[in-house]
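This report refers to the structure that appears directly beneath it.
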Amino acid sequence: MDKVQEPFFLPAPGVLNMVFGKPTRAMTHEELHARMKQFPKVDLHRHLEGCISPETLLYIAKTFGGALPSYELDQLKPLIQAPHDTPGFYNFLEKFKVFRGFYPNREAIEHVAHTAVKEAAEDNVKYLELRYSPSHFAGGGKFPERDVTEWIHQAIQRAAAEFDIIVTPILTISRDYGLELAAATVDLAIELPTGYFYGLDIAGNEIQNSARPFADLFARAKDAGLNLTIHAGEARGAYNVREAVSEFNADRIGHGVRAIEDPEVMELLKEKDVMLEVCLTSNVHTGIVPAVKNHPIQKLIENGVAVSLNTDDPAISDICLSDEYVLAVTELGFSDADLKALNLSALKHSFAPDREALIREIGGCWNHF
Ligand code: HPA
Ligand code: ZN
32 MDKVQEPFFL
42 PAPGVLNMVF
52 GKPTRAMTHE
62 ELHARMKQFP
72 KVDLHRHLEG
82 CISPETLLYI
92 AKTFGGALPS
102 YELDQLKPLI
112 QAPHDTPGFY
122 NFLEKFKVFR
132 GFYPNREAIE
142 HVAHTAVKEA
152 AEDNVKYLEL
162 RYSPSHFAGG
172 GKFPERDVTE
182 WIHQAIQRAA
192 AEFDIIVTPI
202 LTISRDYGLE
212 LAAATVDLAI
222 ELPTGYFYGL
232 DIAGNEIQNS
242 ARPFADLFAR
252 AKDAGLNLTI
262 HAGEARGAYN
272 VREAVSEFNA
282 DRIGHGVRAI
292 EDPEVMELLK
302 EKDVMLEVCL
312 TSNVHTGIVP
322 AVKNHPIQKL
332 IENGVAVSLN
342 TDDPAISDIC
352 LSDEYVLAVT
362 ELGFSDADLK
372 ALNLSALKHS
382 FAPDREALIR
392 EIGGCWNHF
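Numbers 32 to 400, taken from this note's numbering, label the letters of the sequence shown in order.
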């Protein structure tokens, strides 16, 4: 058993008092947030499509063009941000439709990718797996997907070097736009030189569109050396998690939290060491859990399931990863040691081309926490 560290919140409230760098009084929310921002973090599940803040979107529209349903911040926010809406899976997915087809030119797409990486680095994310769908940015044939991929790839690499963050790109296909489009994108990813994509993800509407028709694509991607992560067990139950692991050979599961409904599925995840990419606030916004305090993450850990803490869509949910760490502490009782363990486990389950090198490079950054 790992040594359990002091919790952040000790019974006596009052002014923060540090003894040998450890808090001995309850922290205020601001102090805890500052500490969580300082804490080095790993994010394995973040969609580029969900990283574009209302302010960035307006900036793009004003600078480069592009049609929006509103150019007023107050009116735009409820159309693209989940906290302004009733929680629900459909309501959440609806937000992405404002973005799809919006991008007017190459500069706008590069700006989005560059800003996403910059904002992650500013939140002290040390290692980021950033997933995106070239089809989403290509706007239904406005730009060739090959070009879009090149622009995003270059912008990510530039920003990663500039802001000192390691980024591993993952290809996302959608269940919602047909097998033909998804197959063409997977073919493109397989033909690209090494370095463009290290994994394949499938996202979209799990209720209406099964992942089954895409099974051949998962197999081809795996044969070509891509890792697999599948959105499953979010809007649908544990059965979909079992299918993703047993039939599609997923290395990780996007969300997967409804594995909690079936002990056999949790056992399968444990046995195969398949990590669940947990996104707390996203699960509230999609209506999967009523509140973060009801989230099953602790029970999943108790059952031996590997989990990590991620954002999903920071701009849609209006959060950063530090916010999620604050919630993990205040709503779920995570300690420093728990958070450190989750991060090290995330590195171990990463899709980085050289996992050992990644661990050597940043695995020590939690030592002083
Ligand atoms: N589920 C399915 N598709 C998505 C999600 C999600 O949580 N986020 C972005 N695309
Ligand atoms: Zn997701």
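Every residue, glycine too, gets a C-beta built ideally from N, C-alpha and C.
* Note down the Cα distance separating Phe-279 from Ala-214, rounded to an integer number of angstroms. => Taking the straight line from one Cα to the other gives about 16 Å.
* **Thr-94 (DSSP reduced to helix, strand or coil)** => Assigned with DSSP and collapsed to three states, Thr-94 falls in helix.
* **Proximal residues to Asp-33 (C-beta, below 7 Å), its chain only, five neighbours per side dropped** => Low confidence applies here, because Asp-33 scores a pLDDT of 41, under 50, leaving its location unreliable and the question unanswered by this model.
* **Trp-397 - DSSP class collapsed to helix/strand/coil** => Helix at Trp-397.
* Can you list, in chain order, the stretches of the beta strand (DSSP E) that have 3 or more residues and sit fully within the stretch 156-193? -> Those beta strand (DSSP E) runs which fall completely within the stretch 156-193 and span 3+ residues are 156-163.
* Measure the beta-carbon distance from Ala-113 to His-326 and round it to whole angstroms, keeping in mind my assumption that it falls under 8 Å. => Beta-carbon to beta-carbon, Ala-113 and His-326 are separated by about 16 Å, too far to satisfy the 8 Å threshold.
* Asked: Buried or exposed: where does Arg-16 fall if 16 or more other Cβ atoms within 10 Å of its Cβ makes it buried?
  -> In the structure displayed, the chain extends from 32 to 400; residue 16 sits before or after that span and is not available.
* Name, in chain order, the residues that DSSP records as bridge partners for Arg-77. => DSSP links Arg-77 through a beta bridge to Leu-161, Asp-343.
* To do: Answer with buried or exposed for Asp-247, where buried requires no fewer than 16 other C-beta atoms within 10 angstroms of its C-beta.
  => When all chains shown are included, Asp-247 counts as exposed.
* By how many angstroms is the C-alpha of Phe-130 removed from the C-alpha of Ala-169? -> Distance between Ala-169 and Phe-130, taken at the CA atoms: about 11 Å.
* To do: Locate the alpha helix (DSSP H) running through Pro-294, then write down its first and last residues.
  => Where Pro-294 is concerned, the enclosing alpha helix (DSSP H) stretches over 294-303.
* **Counterpart residues of Leu-202 in DSSP-defined beta bridges** => Answer is Tyr-163, Leu-231, bridged to Leu-202.
* Please classify Ala-383: does DSSP put it in a helix, a strand, or coil? => DSSP, reduced to helix, strand and coil, places Ala-383 outside both helices and strands of the structure shown, so it counts as coil.
* Asked: Whose C-beta lies closer than 6 Å to the C-beta of Gly-52 among residues of the same chain, with five residues either side of it excluded?
  -> Below a pLDDT of 50, predicted positions are generally treated as unreliable, and Gly-52, at 45, falls in that range; the measurement from the model is reported next regardless. Same-chain partners within the cutoff: there are none.
* Report the three-state DSSP secondary structure of Glu-222 (helix, strand or coil). => The answer is helix: DSSP assigns Glu-222 an H, G or I state.
* Asked: Hey, which residues come within less than 6 Å of the ligand ZN, measuring from Cβ to any heavy atom, in chain order?
  -> Cβ atoms closer than 6 Å to the ligand ZN belong to His-76, His-78, Ala-234, His-262, Gly-285, Asp-343.
* **Buried versus exposed, by CB contacts within 10 Å (16 or more), Leu-259** => With 16 or more other Cβ atoms inside 10 Å of its own Cβ, Leu-259 counts as buried.
* Asked: Taking the alpha-carbon positions, what's the Leu-340 to Val-156 distance?
  -> Taking the Cα positions, Leu-340 is about 12 Å away from Val-156.
* **Pick from Gly-318, Thr-203, Ala-269 that is closest to Ile-291, judged by C-alpha positions** => Nearest option by C-alpha distance: Ala-269.
* Leaving out the 5 sequence neighbours to the left and right, which residues in its chain are closer than 6 Å to Arg-162 when beta-carbon positions are compared? -> Once the five neighbours on either side are set aside, the close Cβ partners of Arg-162 are His-78, Ile-201, Thr-203, Asp-232.
* Which runs of the alpha helix (DSSP H) fall wholly inside the stretch 230-288 and span at least 4 residues, in chain order? -> Whole alpha helix (DSSP H) segments, 4+ residues: 246-254, 269-277.
* Does the ligand HPA have even one heavy atom less than 8 Å from the beta-carbon of Gly-318? -> Using a cutoff of 8 Å, the CB of Gly-318 does not count as near the ligand HPA, since none of the ligand's heavy atoms is closer than that.
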